[in-house]
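Working notes for the structure below.
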Amino acid sequence: MGKHHATHHAPTVEVDEKTMIFLIKFMNTASKEKLLETFEGHFTDHMADKIVDQRLFGGMKKLDDILEKKIMRKKKFEEFQDIALKWAVEHKPKEKRQTA
Numbered sequence: 059m060g061k062h063h064a065t066h067h068a069p070t071v072e073v074d075e076k077t078m079i080f081l082i083k084f085m086n087t088a089s090k091e092k093l094l095e096t097f098e099g100h101f102t103d104h105m106a107d108k109i110v111d112q113r114l115f116g117g118m119k120k121l122d123d124i125l126e127k128k129i130m131r132k133k134k135f136e137e138f139q140d141i142a143l144k145w146a147v148e149h150k151p152k153e154k155r156q157t158a
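Here this note's numbering runs 58 ahead of the position in the sequence shown, where the first position is 1.
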């Protein structure tokens, strides 16, 4: 039996497009130290280096790039995905209210 490429489970956190853009932008711009601090216990030094290295190739376009670029294994990514999305929801900039 060969390996099959099943899709990973859907995240338990639903986020809108702006929140996802905020998270991807953070992953593409934060320092290695900031990545390690923000996702402490879920990122190794080596993983943070790989995320930073991706910037030489245009950075990440979507969160799944972490899995597709083999920065994390599937099980670890599934755990990280929920944590990262929760963090993004809590830290994204607040919408500016329109004044009439």
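Think of the CB as a built atom: it goes at the ideal place given N, C-alpha and C, for glycine as much as any other residue.
- Around the Cβ of Leu121, a 10 Å sphere holds 16 or more other Cβ atoms; the residue is buried.
- Between Met105 and Ile141, the gap from beta carbon to beta carbon reaches 9 Å or more.
- For Thr96, the uninterrupted alpha helix (DSSP H) run begins and ends at 90 to 96, by DSSP.
- Per the Cβ contact rule, the region 77 to 84 is in contact with the region 143 to 154 (3 or more Cβ pairs under 8 Å).
- Less than 9 Å separates the beta-carbon of Asp107 from that of Lys90.
- Straight-line measurement puts the Cα of Lys76 at about 27 Å from the Cα of Thr102.
- Shortest Cα-Cα distance from Lys119 to any of Met85, Glu95, His100, Lys133 involves Met85.
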